[in-house]
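Data block below; observations after.
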Amino acid sequence: MSKKIYNSIPDATLIGSILLAYFLDHVLPITEIIPYPVNLIGWVVVAAGLGLAIYTLSMLKATHTSTDPGGVPSTLITAGFYSLSRNPMYLAYVITTSGAAIIFGSITAFIAPVICFSVIHVVIIPFEERNLQKIFGQKYEHYQHSVHRWI
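Be aware that the sequence shown starts at 203, since it is given in the working numbering, and climbs by one per residue.
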């Protein structure tokens, strides 16, 4: 798989998951589990997810390291939110998708964050972990053992 295609998978997963939640809510709503106005809490969750994504991007840019999932990072960031999660950007994606599912409110909309999490957990993170292991060696292994993958 080319790096250019790989670099687009996380963002496509986020956008695709939100669109899937919308589609499932409108085409196969089955049952509404979060009614209006309680569903508006989802906007706070979306804002939290987007805030975490912006924070993570700013940390990557501040350390002048790659922001591409398939890129070659120059620095292993272990401070800030990276001291709580090895994947704060992907955590932000799952939070944002979960917020969208809350906004839509139907039980089927919650399939989308599960799919988002699954793609990131099974496809994206293992690829990046192998890359980081090659680049940073024991330093990354120590980080892996001291900080959880998600939170």
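Each residue gets a CB set at the ideal place from its N, CA and C atoms; glycine is no exception. These figures come from a predicted structure and were not determined experimentally.
Please identify the residue among the options whose C-alpha is closest to the C-alpha of residue i.
{"i": "residue 289", "options": "300, 218, 352, 319", "result": "352"}
{"i": "residue 286", "options": "332, 346, 266", "result": "346"}
{"i": "residue 251", "options": "293, 231, 240", "result": "293"}
{"i": "residue 219", "options": "232, 241, 317, 249", "result": "317"}
Within the continuous alpha helix (DSSP H) that includes residue i, where are the two ends?
{"i": "residue 345", "result": "340 to 348"}
{"i": "residue 316", "result": "313 to 321"}
{"i": "residue 255", "result": "243 to 264"}
{"i": "residue 284", "result": "No alpha helix (DSSP H) contains residue 284, which DSSP labels as neither H nor E."}
In chain order, what residues of the same chain have a beta carbon less than 6 Å from the beta carbon of residue i, not counting five sequence neighbours either side?
{"i": "residue 234", "result": "307, 308"}
{"i": "residue 244", "result": "301, 304, 305"}
{"i": "residue 222", "result": "314"}
On the CB-based measure, 16 or more other CB atoms within 10 Å of its CB, does residue i come out buried or exposed?
{"i": "residue 343", "result": "exposed"}
{"i": "residue 215", "result": "buried"}
{"i": "residue 238", "result": "exposed"}
Using C-beta distances below 7 Å, list every residue in its chain close to residue i, excluding the 5 sequence neighbours before and after it, in chain order.
{"i": "residue 319", "result": "296"}
{"i": "residue 300", "result": "247, 315"}
Who are the Cβ neighbours of residue i in its own chain at under 8 Å, not counting the five residues just before and after it?
{"i": "residue 269", "result": "259, 262, 263"}
{"i": "residue 271", "result": "208, 209, 211, 212, 326, 329, 330"}
Flag this pair as touching only if the stretch 273 to 285 and the stretch 246 to 262 have three or more C-beta atom pairs under 8 Å; answer yes or no.
They touch, by the three-pair rule.
Does the stretch 220 to 236 touch the stretch 302 to 320, meaning 3 or more C-beta pairs lie closer than 8 Å?
Touching, yes.
With a threshold of 8 Å, are at least 3 pairs of Cβ atoms found where one atom belongs to the stretch 258 to 278 and the other to the stretch 332 to 341?
Short answer: they touch.
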